[in-house]
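K.L.:
Each position in the sequence shown, counted from 1, maps to that position plus 3 in the numbering used here. Every residue gets a Cβ at the ideal spot worked out from N, C-alpha and C, and that includes glycine. After the structure tokens below, expect a handful of questions from me.
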Amino acid sequence: MTVTIVGSQLGDEGKGRVVDLLGEPADVVVRYQGGDNAGHTVVDGDTKYKLSLVPSGAIRGKVGLLGNGVVINPRTFFDEVDGLREQGLDPTVKMAKRAHVIMPYHRAIDGIEEAAKADSDLEAGTTGRGIGPTYEDKAGRRGIRIGDLLDSTVLRERLEYVMPHKRALYEEVYGGDPGAAFDIEALFEEFSEFGERIRSEGLAVDVGTYLEDRIAAGDRVMLEGAQGTSLDIDHGIYPYVTSSNPTAGYASTGSGLGVTEVGQGSVIGVIKAYLSRVGTGPLPTELDGDLAEYIREEGGEYGTVTGRPRRVGHLDMPMLRTATRANGFTDIAINHLDVLAGLDEVKVGHAYEHDGETRDTMPATTERWGECEPVYRTFEGWSDVDWEAVAATGFKALPEPAKEYVSYIEAELGVPAVALGLGPARETAIVREDPWA
Ligand code: GDP
Ligand code: IMO
Ligand code: MG
Numbered sequence: 004m005t006v007t008i009v010g011s012q013l014g015d016e017g018k019g020r021v022v023d024l025l026g027e028p029a030d031v032v033v034r035y036q037g038g039d040n041a042g043h044t045v046v047d048g049d050t051k052y053k054l055s056l057v058p059s060g061a062i063r064g065k066v067g068l069l070g071n072g073v074v075i076n077p078r079t080f081f082d083e084v085d086g087l088r089e090q091g092l093d094p095t096v097k098m099a100k101r102a103h104v105i106m107p108y109h110r111a112i113d114g115i116e117e118a119a120k121a122d123s124d125l126e127a128g129t130t131g132r133g134i135g136p137t138y139e140d141k142a143g144r145r146g147i148r149i150g151d152l153l154d155s156t157v158l159r160e161r162l163e164y165v166m167p168h169k170r171a172l173y174e175e176v177y178g179g180d181p182g183a184a185f186d187i188e189a190l191f192e193e194f195s196e197f198g199e200r201i202r203s204e205g206l207a208v209d210v211g212t213y214l215e216d217r218i219a220a221g222d223r224v225m226l227e228g229a230q231g232t233s234l235d236i237d238h239g240i241y242p243y244v245t246s247s248n249p250t251a252g253y254a255s256t257g258s259g260l261g262v263t264e265v266g267q268g269s270v271i272g273v274i275k276a277y278l279s280r281v282g283t284g285p286l287p288t289e290l291d292g293d294l295a296e297y298i299r300e301e302g303g304e305y306g307t308v309t310g311r312p313r314r315v316g317h318l319d320m321p322m323l324r325t326a327t328r329a330n331g332f333t334d335i336a337i338n339h340l341d342v343l344a345g346l347d348e349v350k351v352g353h354a355y356e357h358d359g360e361t362r363d364t365m366p367a368t369t370e371r372w373g374e375c376e377p378v379y380r381t382f383e384g385w386s387d388v389d390w391e392a393v394a395a396t397g398f399k400a401l402p403e404p405a406k407e408y409v410s411y412i413e414a415e416l417g418v419p420a421v422a423l424g425l426g427p428a429r430e431t432a433i434v435r436e437d438p439w440a
């Protein structure tokens, strides 16, 4: 049995906390796309864990897997695992032999390409982790996979094939001065050592087969998405997107489980009660001034990976309707209801006006999206209360206007809100339905 957790907006909706909240009955938690561009925060008592590659379920001692759809930087992966050991955890995280490796030259190219675009409308504001260049090489059939790190002949062959291409790009297109990140011998030595560590710790597996066996044995598998639907390379606001597919269909492709297996389980869209955005591009419901500042401070809206202040906006319902369709959500989880507390009124972008027409979903091009004027609905605000006490009692204790807000979102999307976030900690959340039942 599976449960899939997907971001429904622009990332940072609180997927990590929902995995933690609903993942207790799971045996295995799998990431299926993205890489260390993700930053998932899980709060356990007084300890805050910030995870980029290690699946959030590792906090609760679940087996973590990085599926074939993930791109893995062994440097940051081992730093993260070692860091968690220092925090007193002993995570078990295995990785797909088919997953692609983020090499130092991918990061270098990500940085220089963004710098070259800095003065144009094309800058995506990437996290600088080399995500795009790694997926480019995957699609271009010149990537290096985890399995290749275990075979020195293949690793050397791949590096020798790819390096003239990478050096030429860095030097001739971007005018950079390639250093150690482009040195075949240095890379061969470092990445062979990673291969050795992966082999000696038994970390590389065939994830699809592994999962099939676990499911056959009756285990429960949670699939943990990174980023969000509007950052999806197919369904998002191209080109201000990431280079993978956070949408639920890729939970199958990126893990090796069949679509029918994933489709039998719940697909839960995680929603932030407003909007936040790290990175560039249009944002029709964007806020500025005092209200933006208030929400940014109350919600701690600073990037987990980069520390950048996040842009904030009103909830965008056309974005959520689009996400509900593209993912086939069976349920939603709404976080950050506490952050909006204390406002006199709460506005929602209910629809868009564009070219004299009213639309209730996103247009297919980002340029048209940027021209959309939100049609707002205004809800009564709710006061700041003791959220832990509310969580302990359950939905009925939620302030009435907050209940109305939740009901409105459920009715518009046609799916139930199975979990509500009223603060970052486990104790400040309401679980209304068990997705594993
Ligand atoms: P993710 O990338 O989707 O896992 O989300 P992040 O962890 O990057 O960002 C979400 C932030 O909001 C984290 O700091 C969480 O601890 C915090 N958070 C999650 N849910 C809630 C909530 O319901 N209320 C509040 N106040 N914070 C939350
Ligand atoms: P989580 O999993 C928010 C954004 C970047 C940039 C664009 C492309 O924590 O929700 P990339 O480095 O992926 O090539 O950057 O995508 N971005 C995220 N924004 N949350 C994330 O992950 C993100 N991962 C990438 O800011 O606009
Ligand atoms: Mg995040």
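1. Taking the alpha-carbon of A207 as reference, which of L152, E227, A254 has the nearest alpha-carbon?
2. Under 8 Å from any heavy atom of ligand 1, does the C-beta of D49 make it?
3. Using only the heavy atoms of ligand 2, determine whether one of them is closer than 8 Å to the beta carbon of R20.
4. Is the region 416-424 touching the region 352-370, taking contact as three or more C-beta pairs under 8 Å?
5. Under three-state DSSP, which class holds G243?
6. Determine, using beta carbons only, whether M106 comes closer than 9 Å to chain C.
7. Would you mind stating whether A329 and T250 have Cβ atoms separated by less than 9 Å?
8. Locate the beta strand (DSSP E) running through I337, then write down its first and last residues.
9. According to DSSP, which residues form a beta bridge with V46?
10. Just reading off the beta strand (DSSP E) that L162 is part of, what are its end residues?
11. Considering only the beta carbon of each residue, do A276 and V378 sit closer than 9 Å?
12. Go through the region 274-315 residue by residue and report every complete run of the beta strand (DSSP E) that reaches 3 residues or more, in order.
13. For ligand 2, any of its heavy atoms closer than 8 Å to the Cβ of A41?
14. DSSP three-state call for A220: helix, strand or coil?
15. Straight-line CA distance for E374 to I236?
16. Would you mind reading off the limits of the alpha helix (DSSP H) that contains M322?
17. Taking the alpha helix (DSSP H) that H109 falls in, what are its first and last residues?
18. Spell out the partners DSSP gives I8 in its beta bridges.
19. Using a Cβ-Cβ cutoff of less than 8 Å, which residues in the same chain neighbour A392 once the five nearest sequence positions on both sides are dropped?
20. Assuming G345 and S386 make a contact with CB atoms under 8 Å, what is their CB distance in whole Å?
21. Let me check you understand the geometry: is the CB of D113 closer than 8 Å to at least one non-hydrogen atom of ligand 2?
22. With distance defined between alpha-carbon atoms, name the residue in E360, T327, A405, W372 nearest to S11.
23. Locate the alpha helix (DSSP H) running through K18, then write down its first and last residues.
24. The beta strand (DSSP E) spanning V342 covers which residue range?
25. For ligand 3, is there a heavy atom less than 8 Å away from the beta-carbon of G303?
26. Given Y243, which residues of its chain have a CB within under 7 Å of its CB, disregarding the five upstream and five downstream residues?
27. According to DSSP, what are the bridge partners of M98?
P.N.:
Working from what's here:
1. Reading the sequence shown from its first residue, position 204 is the one you call residue 207. For the residues L152, E227, A254, the minimum Cα distance to A207 belongs to L152.
2. Against the sequence shown, residue 49 aligns to sequence position 46. D49 Cβ: outside cutoff for every heavy atom of ligand 1.
3. The residue labelled residue 20 in the question sits at position 17 within the sequence shown. Checking every heavy atom of ligand 2 against the Cβ of R20, none is found closer than 8 Å.
4. no
5. Your numbering for residue 243 matches position 240 in the sequence shown. With the sequence shown as reference, residue 243 is identified as Tyr, and Gly is not the correct amino acid for it. Looking at Y243 - three-state DSSP - the assignment turns out to be coil, as it is neither helix nor strand.
6. No chain C is present in this structure, which holds just one protein chain.
7. Mapped onto the sequence shown, residue 329 falls at position 326. Mapped onto the sequence shown, residue 250 falls at position 247. Yes, these two residues count as a Cβ contact at 9 Å.
8. Within the sequence shown, residue 337 is the residue found at index 334, counting from 1. Start and end: 334-338.
9. Within the sequence shown, residue 46 is the residue found at index 43, counting from 1. Answer is K51, A428.
10. Position 159 of the sequence shown, counting from 1, holds the residue named residue 162. No beta strand (DSSP E) holds L162; the alpha helix (DSSP H) holding it covers 155-171.
11. Mapped onto the sequence shown, residue 276 falls at position 273. Mapped onto the sequence shown, residue 378 falls at position 375. No; because the gap between Cβ atoms is not below 9 Å, this pair is not in contact.
12. 278-280
13. Translated into positions along the sequence shown, residue 41 becomes position 38. Yes, the Cβ of A41 comes within 8 Å of a heavy atom of ligand 2.
14. Residue numbering aside, residue 220 sits at position 217 when the sequence shown is read from its first letter. Residue state, collapsed to three classes: coil.
15. One-based indexing of the sequence shown puts residue 374 at position 371. One-based indexing of the sequence shown puts residue 236 at position 233. In a straight line, the C-alpha of E374 is about 21 Å away from that of I236.
16. Position 319 of the sequence shown, counting from 1, holds the residue named residue 322. That run of the alpha helix (DSSP H) goes 320-330.
17. Translated into positions along the sequence shown, residue 109 becomes position 106. Looking at the DSSP string, the run of the alpha helix (DSSP H) that includes H109 is 107-120.
18. Residue numbering aside, residue 8 sits at position 5 when the sequence shown is read from its first letter. Bridge partners of I8: E227, I271.
19. Looking up residue 392 in the sequence shown gives position 389. Around A392: A400.
20. Residue mapping note: residue 345 aligns to position 342 of the sequence shown, counting from 1. Residue mapping note: residue 386 aligns to position 383 of the sequence shown, counting from 1. That belief holds up - the Cβ atoms of G345 and S386 are roughly 7 Å apart, short of 8 Å.
21. Here the question's residue 113 lines up with position 110 in the sequence shown. D113 Cβ: within cutoff of ligand 2.
22. As a first step, residue 11 must be located in the sequence shown, where it is residue number 8. Ranking the options by Cα distance to S11, first place goes to T327.
23. The residue given as residue 18 occupies position 15 in the sequence shown. Note, K18: alpha helix (DSSP H), 18-25.
24. By one-based count along the sequence shown, residue 342 stands at place 339. No beta strand (DSSP E) contains V342, which DSSP labels as neither H nor E.
25. To locate residue 303, count along the sequence shown from 1; it is residue 300. It does not: the Cβ of G303 is nowhere closer than 8 Å to a heavy atom of ligand 3.
26. Your numbering for residue 243 matches position 240 in the sequence shown. Excluding sequence neighbours, Y243 sits near A127, G282, T283, G284, T369.
27. By one-based count along the sequence shown, residue 98 stands at place 95. Answer is L69, A207.
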